[in-house]
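Each remark here refers to the structure printed beneath this line.
Residue numbers (the UniProt record's numbering), protein chains in the order written: chain A, 1 to 742; chain B, 1 to 742.
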């Protein structure tokens, strides 16, 4: 095992440690390393303020949990190449293709069914509640009516909160930030587990039925992603529901594709908008997209549409209780003939500007409220439930009480603004953002329409649609997908030009004020989201400026004790493997080995008695399944592997299990350029090699965290004081435009 | 200058040339190199059959012309970093952002206007022709009518053919293959020049007016791309229409974004389908896509929609001659209430299957016809014009004659199938494919509907829409974009489920038979199109297996004579720069220098008298504009640079102009994995470095051509005989499914 120092930001090299032949370090006790690195980091701290300020913990739902990066790199080692089914001819490829489309079909069918069941349950529960309350009101028993209304809401909310808090905290909230982070390459345990799926569906039904101002679109996206992930990993190992055939999909790339299709299916199920679902997945949640994926996502959402239509057809025969009397969101503008002229444009433009301002204000306020809720939630289960209970009672009071304040005119539709949608989110229950925004926006639009009065010839229902569009544009900042979803909801294409205009205006206005709602949530939850574009200051830094040491490496044939020690004392997930003389003519970077693969080697005890190249043939002891990527959030732990003192003195030949062609960049490359490679190819580890061949063959490893602005600015606080700070962290309105639109 | 041998496919290294210190080769006459390389390649030919079978020539329009790769890499050299406006603060960034959106606005406005003018001119010319002919027919002067009809068609066709053949051969054909190839990173001269733009618009008007069965969608996409490219390069230097401010856009990345928006604007203008335009650009033409681009393309197409609406509104006041009496394609199903039930599905499924088969047959037949036309076109201008004339007369005869054969029933709409749309394409005139496919598909659908008779309750107009969808799905293989374009054309969202079903079926059926029409055209034209997915055999090859030598390198300070000789004798566009002792402690890869930059250095004569590091400060002699990428297809030529014998003995310090951080891969990486990097990051050159540091610091350069199946299989003909051949080159139907859908 060897240690090489990283290059300093000034470009000077710590020659002492870099020139130290790495093989000679091997015999040093490991404690010495850490002492050395401590001295080293002390030296470094003269120039840098902190070693790593980015956390490996993110808030999933309402609880903090450890996170991990995903790896989309092709791992090329001897073992994998031998086992790889892609090189095994037609039968495997055929099976893979058939399975892939079957999975998409199943995914569409299940997501459609889940969407339908959610809707059915919500409408029946909310419907019964409504009927009972209304009957009591008609009998003039207002206090009783309020009591029943508030009590049922309270019970439903508490039920949702309790199952979420105690059984699956990862199911709390909208779920879209988690899905978005996953598709960006950040994995958190339990976000796609069967338990989360179950709680998500049941909790969403309870939360929406309880008259909270929350939606089901987000939860359905999360549900779709859960179904996709569970299908892809071939069921759950925990519940002994696995399928051998699905081993083709046990890697992050195929899983990413499935989860993308799953999120498209979720939106399609929530709005009955198959095209809108595909575009939503493309525009709002996915970080990587290919043409082939468009086609597959389209297939999935088409299945969703067919399943939904079939199930609704069955329901229309009257076997589904109160279903179908409310239905999905319906803007009643289908029958109207839309005609608009130049004089109609000013109100529409005003509506768009207002929607943009309101949308960004909504985002701003939501962030503040969620921060406050997080403080409360951190105090424990009791406080979580108390928060949920308080919100439920407040909401009941608002909904029941506010109509009394207004006269019986069409005006009261305006009140759901006065009872802000914002206040009802952030509690530990599955709840979506999309539909509240649509409803609030529709109310806002209708209000504007009424204020316009006779000055505009446009229909009020049209104003409602445009209001929704403006608030969606201002809050979620989606364009094409919102356009298509609204068209699919309203079933009227003549609206298109006006919807586009409103969206363009509101998005532009809101982008000048703050970030979109999902980016705010992803950031608030602490996911290390990798942006496509580089920050301007990243062009001024080289990769060696951000690499933090000490770098831990293994020899091609490494002592078991060293491996165990390194795995126990560090949290790194990848280690360079370096061959030293006499095993090679000079110090050569053999490749990169993953922690997960090392753990498998230790578990299987493929040990050699001595440091020799010609050991036993280890490849026959493994099948491809051994190295298949485990399900989301699951991995082995070094603490679970028990080895004897004798084992510790033995050796492992790492060569057959090392990825021999990791992607590398030269240490003088700018951080911005390295980010392009890291982001576009979807890497987990990126090796940094020295410019000169006379030094150690690798000088550092870049991971996702090294590209995070917090980390980079933590290492180089001087950048914060420079002009780049003003560009990125300033409060002026144009900054966001720069970063978003460049 | 030095030469290093590439590694052989067996993994052995030609030690003699690899270990030869590169500095010592410098004094060898260059002739010796080629002798050596000839010997070397003779040795190599024992294992490999050919050195490079991919052509650097492609057929643009109907003429062959040289092509070049585009480069999306960030070039990091001292000169560029100093000049780069991104590091120059807010004013530049603000100007960039404002300009970018202004360009999109102008692009939308101009593309909208071009679409409108094209439509206006076509309808007036065709309308006058129709009125005159009809009047003669009504007066029973049938022969005269035919004479006028055929003569006007002949004149129009010949006019289109003459201007295309003599003034802008690049304007021939649909133009979408050229745009698709450009967006994949292949540039051909003149494809986006002002002359091509002018001929494209005028020629398209003449060709469509001449009753040829051709469309305007493809030409409008090309027109949009032309406008985008010309706007982005700040006008044309040739016509002295340039703008200094636009230097921010003088690089391939920004130009790619603009051209993508331009192609979206073209489709939006052709069909008045703004959302469909964006999706068409995403699905059918672009190779790289980002979320930010979606938003920008959407803005552009929104402008197109507004401009079109405004212009049409003006026309409706009756100042545009015959315009508006025909209008854009209109499926008259808006007013119908669409109702369909389970029994309606079988005919729809049959329609889809039939459409898939017909679509793939259309593609197959089109390819054959175009191959035949190419043979004719190659013989010279006379043959080109003769071909156009023949087709014009045949088409006139068909259109005029065939209705006489049928009785006066609705049936004759079926005849445009008998007069195949295919026969009228491929002549040297701007002509699109999209609308012929829509029309033929509509005819096919109506025919199926009539054959169904009373067995189906669906409307015949609905069958026409579904027929169009099935043929589009079968021929172009687009899904989401065709869906949305058809919805925007028919203005009826209730069709969506049926359209989706038909598209899914026809695309699946057709994919099993052959490739999509644009891929066939791109291949036929010889563009080296870089696919997203790797072929299965690419996993079996390492990058060193496909690198063809000899590799030409430069020293950090290189003799002018050597540079000139290399530039004159090779066509390479990038050369590694290697520092040798005593300028560095060992042989070090300093970076990569581009041919274009070398030419600028030679032109400016920034020469040093001797080989010393501390020469004159060269950086002040250059501005960022000098290194800006020239317009599409334009570049300096080494033959234009006159240097004296004295100059030839001097030196150039290449260091400040060398890209110091080119992307590199290790020689043992599989070709499939290198392709991922090459394709995702959008590279032009990818350096291959050796595994061991004891050898020359670079062993080869990969370019686009090295990833082309023809090149790889030319080098390794044994792969053709292996099972991979069957997978890729076999005739069985599943192969295409594997490659397309994996």
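Idealized CB from N, CA, C, for every residue including glycine.
When the options are compared against residue i, the one with the closest alpha-carbon
i: residue 563 (chain B); options: B:594, B:370, B:582 and B:544; result: B:594
i: residue 556 (chain A); options: A:228, A:486 and A:587; result: A:587
i: residue 303 (chain A); options: A:168, A:274 and A:215; result: A:274
i: residue 361 (chain B); options: B:293, B:395, B:470 and B:348; result: B:470
i: residue 267 (chain B); options: B:298, B:382 and B:292; result: B:298
i: residue 100 (chain A); options: A:604, A:162 and A:248; result: A:248
i: residue 230 (chain A); options: A:193, A:220, A:222 and A:221; result: A:193
i: residue 434 (chain B); options: B:390, B:450 and B:516; result: B:516
i: residue 707 (chain A); options: A:399, A:500 and A:532; result: A:532
i: residue 254 (chain A); options: A:501, A:71, A:473 and A:140; result: A:71
i: residue 700 (chain B); options: B:449, B:688 and B:394; result: B:688
i: residue 309 (chain A); options: A:121, A:550 and A:269; result: A:269
Residue i classed as buried or exposed, judged by whether at least 16 other C-beta atoms fall within 10 angstroms
i: residue 660 (chain B); result: buried
i: residue 316 (chain A); result: exposed
i: residue 535 (chain A); result: buried
i: residue 492 (chain B); result: buried
i: residue 685 (chain B); result: buried
i: residue 133 (chain B); result: buried
i: residue 232 (chain A); result: buried
i: residue 149 (chain A); result: buried
i: residue 718 (chain A); result: exposed
i: residue 380 (chain B); result: exposed
i: residue 345 (chain B); result: exposed
Any C-beta of chain A under 9 angstroms from that of residue i
i: residue 533 (chain B); result: yes
i: residue 353 (chain B); result: no
i: residue 398 (chain B); result: no
i: residue 794 (chain B); result: Residue 794 (chain B) cannot be examined here, being either before or after the span of chain B that is shown, 1 to 742.
i: residue 331 (chain B); result: Low per-residue confidence applies at residue 331 (chain B): pLDDT is 46, beneath 50, and the placement is therefore not dependable, though the value from the model is reported in the following sentence. Answer no: the Cβ-Cβ gap between residue 331 (chain B) and chain A never drops below 9 angstroms.
i: residue 585 (chain B); result: yes
i: residue 744 (chain B); result: Residue 744 (chain B) cannot be examined here, being either before or after the span of chain B that is shown, 1 to 742.
i: residue 347 (chain B); result: no
i: residue 258 (chain B); result: no
i: residue 672 (chain B); result: yes
Residue-chain proximity (residue i, chain E), Cβ-Cβ < 9 angstroms
i: residue 282 (chain A); result: The structure shown contains no chain E; the protein chains it does contain are A and B.
Chain B contact for residue i (CB, 9 angstroms cutoff)
i: residue 608 (chain A); result: no
i: residue 76 (chain A); result: yes
i: residue 290 (chain A); result: yes
i: residue 492 (chain A); result: yes
i: residue 669 (chain A); result: yes
Flag this pair as touching only if the segment 261-268 of chain B and the segment 281-290 of chain B have three or more C-beta atom pairs under 8 angstroms; answer yes or no. yes
Ignoring anything shorter than 4 residues, give me the alpha helix (DSSP H) runs that lie fully in the segment 93-178 of chain B, in order along the chain. 142-167
Which parts of the segment 524-587 of chain A are runs of the beta strand (DSSP E), unbroken and 3 residues or longer, counting only runs that do not cross its ends? 551-555, 557-559 and 574-579
Do the segment 369-384 of chain B and the segment 55-71 of chain B touch if we need at least three Cβ pairs shorter than 8 angstroms? yes
Indicate whether the contact test is met: 3 or more Cβ pairs, each with one atom in the segment 217-232 of chain B and one in the segment 98-112 of chain B, closer than 8 angstroms. yes
Jot down the residue ranges of each uninterrupted beta strand (DSSP E) in the segment 340-404 of chain A, minimum 3 residues, whole runs only, in chain order. none
Residue ranges of each beta strand (DSSP E) within the segment 642-680 of chain B, 3 or longer: 651-653 and 664-666
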